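Asker: The sequence shown: position 131 = 131 (the numbering used here), numbered continuously.
Glycine residues also receive a C-beta, built at the ideal position from the N, C-alpha and C atoms.
Here the structure is a predicted model, which means the values were calculated and not measured.
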Amino acid sequence: MHFKRLSRNQEMRSGALAIEFAFTLPILFLFVFASIELCHANMVVHVTESAAYEGARVGIVPGATASEAVTAAEQLLELSKVRGAQISITPGSLQTASQQISMQITVPYNQNTLLAPRFIFGFVVNRTCTLTRE
């Protein structure tokens, strides 16, 4: 029968691993959850930009109405679960002879955050797309 002898240094460090784990695990979780939240914020920015483009694209087609363009943008935002968006289109009536159509979408991120809505204050996503009529 063989007995393993512990040196004096190993006896004094018997709980060091548990203490180090207890200190580093919250920091690891902070980085993981922060990266998830930043990726989600990036997704909201890109979806807002795509919705502005798609709405403006619908609006530049001859015979299109402003409500059709806004509906196209709303559908894309709804598909991606983006809430609280305010959509405006210029000119308000697409029947006028203007050469350009501009769609602006404003999304408050605190209504769309995944993990920590109480820590996100004042971050608003604004995207505008201006296209020339066909």
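Cα-Cα, which of Y109, G55, S98 and F121 is closest to K81?
Answerer: Out of Y109, G55, S98 and F121, Y109 has the C-alpha closest to the C-alpha of K81.
Asker: Spatial neighbours of G59 within its chain, please: C-beta separation below 6 Å, excluding the five flanking residues on both sides.
Answerer: Excluding sequence neighbours, G59 sits near A69, L94 and I101.
Asker: Is the number of C-beta pairs between the region 61-75 and the region 35-43 that are closer than 8 Å three or more?
Answerer: Output reads no: the region 35-43 does not touch the region 61-75.
Asker: Let's see if you can read the secondary structure: which residues bound the beta strand (DSSP E) around T106?
Answerer: It spans Q100 to P108 - the beta strand (DSSP E) in which T106 sits, taken as one unbroken run.
Asker: Would you list, in sequence order, the uninterrupted alpha helix (DSSP H) runs of no fewer than 4 residues that lie entirely inside the region 36-85?
Answerer: Within the region 36-85, the complete alpha helix (DSSP H) runs of at least 4 residues are 66-79.
Asker: Considering only the alpha carbon of each residue, which of I89, E20 and S98 lies closest to A56?
Answerer: Of the listed residues, the one whose Cα sits closest to A56 is I89.
Asker: As a quick exercise: from F29, I27, P26 and A85, pick the residue whose alpha carbon is nearest that of V45.
Answerer: For V45, the nearest C-alpha among the options comes from A85.
Asker: In angstroms, rounded to a whole number, what distance separates the CA positions of F21 and F33?
Answerer: Rounded to whole angstroms, F21 to F33 spans 18 Å at the Cα level.
Asker: Where G135 and E134 are concerned, what is the direct C-alpha to C-alpha distance, given to the nearest angstrom?
Answerer: Nothing about residue 135 can be reported from this structure: the residues present for the chain run from 1 to 134 only.
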